[in-house]
Amino acid sequence: MELETPRDRNGTFEPAIVRKGQTRFDGFDDKIISMYSRGMTTREIEGHLKEIYGVEVSPTLISNVTETVMEEVKTWQNRPLDEVYPILYMDALRVKVRDGGHIRNQAIHVAIAVNLQGNKEVLGLWAAQNEGAKFWLQVLTELQNRGVKDIFIACVDGLKGFPEVIESVYPKAEIQICIVHMIRASLSYTNWKQRKQVAADLRGIYQAATASEANVQLDAFAEKWDAVYPVVSQTWRRHWDRITPFFAYPAEIRKVIYTTNAVESLNMSLRKSSKCGVRFRTRRRP
Numbered sequence: 003m004e005l006e007t008p009r010d011r012n013g014t015f016e017p018a019i020v021r022k023g024q025t026r027f028d029g030f031d032d033k034i035i036s037m038y039s040r041g042m043t044t045r046e047i048e049g050h051l052k053e054i055y056g057v058e059v060s061p062t063l064i065s066n067v068t069e070t071v072m073e074e075v076k077t078w079q080n081r082p083l084d085e086v087y088p089i090l091y092m093d094a095l096r097v098k099v100r101d102g103g104h105i106r107n108q109a110i111h112v113a114i115a116v117n118l119q120g121n122k123e124v125l126g127l128w129a130a131q132n133e134g135a136k137f138w139l140q141v142l143t144e145l146q147n148r149g150v151k152d153i154f155i156a157c158v159d160g161l162k163g164f165p166e167v168i169e170s171v172y173p174k175a176e177i178q179i180c181i182v183h184m185i186r187a188s189l190s191y192t193n194w195k196q197r198k199q200v201a202a203d204l205r206g207i208y209q210a211a212t213a214s215e216a217n218v219q220l221d222a223f224a225e226k227w228d229a230v231y232p233v234v235s236q237t238w239r240r241h242w243d244r245i246t247p248f249f250a251y252p253a254e255i256r257k258v259i260y261t262t263n264a265v266e267s268l269n270m271s272l273r274k275s276s277k278c279g280v281r282f283r284t285r286r287r288p
């Protein structure tokens with residue numbers, strides 16, 4: 003529609019309904035971003051807006067709107083961080099990513115920290131084809147470049163080479179392997195009919211009062227189950243130095259560091275979004 007605004011030589015007039023320089027009504031960009039986040043292509047968004055609102059929008063305009071979000075994402079991803087974090091959780095999630103016209107599975111690497119005020123903070127999200135210690139080295143190096151000088155405790159899964167990578171960047175950090183991941187790995191070797199019994203016996207290990215008592219419980223577990231599942235006790239012994247650090251802390255802190263549930267909670271939210279049709283997207287650099 004055509005707008006007739008009063009002539010104002012001094013530039014004091016401020017339009018109320020359509021502001022100066024405004025080309026789209028309020029909330030229009032949010033609707034485009036919402037549809038884009040749900041996996042719709044620019045052509046699909048164009049057709050949807052024309053069908054529902056009777057508005058013709060070019061694919062170029064839609065790309066420009068979504069690009070503004072990418073700039074905010076880049077700013078967030080490269081923001082400066084605190085020098086010290088008491089706890090750092092790291093884990094990866096497999097998600098579907100729209101890359102051009104194809105949907106591919108990729109690993110989203112997640113880093114969540116507890117700051118000195120006791121608040122959880124997502125430090126960043128990084129996409130790669132697969133999870134690996136080599137890529138985590140890039141992530142940790144980036145965190146260091148963004149200002150993180152030290153971390154006290156790093157909570158991770160049992161990925162091979164991961165502890166060594168962390169120590170190469172933060173040599174004073176204490177590594178705590180997630181007990182939940184250890185239990186899952188152990189049960190994967192057992193017959194499904196005996197999993198409840200094996201899990202109950204494993205509970206005696208990680209719920210022990212001290213590391214020495216946990217070692218006694220591990221010996222008892224091995225004596226009972228090694229004839230059938232020797233690999234379970236061998237796995238725990240192989241990672242023992244990375245499993246036991248949480249025994250040195252009181253119960254309140256043990257609950258926080260014995261598992262990477264902080265990342266699992268975020269991953270659960272992402273999985274729910276994915277089930278609703280949301281797809282991550284990759285942007286090709288020019």
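According to this note's numbering, the sequence shown holds residues 3 to 288 in order.
Heads up, the beta-carbon is just placed ideally off N, CA and C, and yes, glycines get one too.
Here the structure is a predicted model, which means the values were calculated and not measured.
Within the same chain, 223 come within 6 Å of residue 203 by CB-CB distance, once the 5 residues on both sides are set aside. For the stretch 213 to 239, the continuous alpha helix (DSSP H) assignments of 4+ residues that do not extend past its boundaries occur at 213 to 227, in sequence order. Contact between residue 122 and residue 152 does not hold, since their C-beta atoms are separated by about 18 Å, which reaches or exceeds 8 Å.
Spanning the alpha carbons of residue 116 and residue 90 requires a straight line of approximately 7 Å. Between residue 197 and the set 208, 206, 185, 46, the nearest pair of CA atoms involves 185. Apart from the 5 residues on each side of it in sequence, residue 57 sits with its Cβ closer than 8 Å to the Cβ of 51 in its chain, given in chain order. Between residue 79 and residue 149, the beta carbon gap of about 14 Å keeps them out of contact (Cβ cut-off 8 Å). Assignment of residue 161 by DSSP, reduced to helix, strand and coil, places it in the coil class.
Secondary structure at residue 142: helix, using DSSP grouped into helix, strand and coil. The C-alpha of residue 247 lies about 7 Å from the C-alpha of residue 176. The stretch 159 to 172 and the stretch 138 to 145 touch, with no fewer than 3 CB-CB distances between them shorter than 8 Å. Beta-bridge analysis with DSSP links residue 94 to 111. Rounded to whole angstroms, residue 129 and residue 111 show a C-alpha spacing of 6 Å. The C-alpha of residue 238 is placed about 15 Å away from the C-alpha of residue 226. When 72, 53, 209 are compared, the shortest CA-CA separation from residue 252 is found for 209. Residue 218 has its alpha-carbon roughly 18 Å from the corresponding atom of residue 231.
With respect to the C-alpha of residue 133, the residue from 156, 108, 118 having the closest C-alpha is 108. For the 8 Å CB-CB criterion, residue 163 and residue 241 do not form a contact.
Within the same chain, 171 come within 7 Å of residue 146 by CB-CB distance, once the 5 residues on both sides are set aside. In the structure shown, residue 130 falls within a strand segment according to DSSP collapsed to helix, strand and coil.
For residue 86, the three-state secondary structure derived from DSSP is strand. Per DSSP, residue 259 has no beta bridge partner at all.
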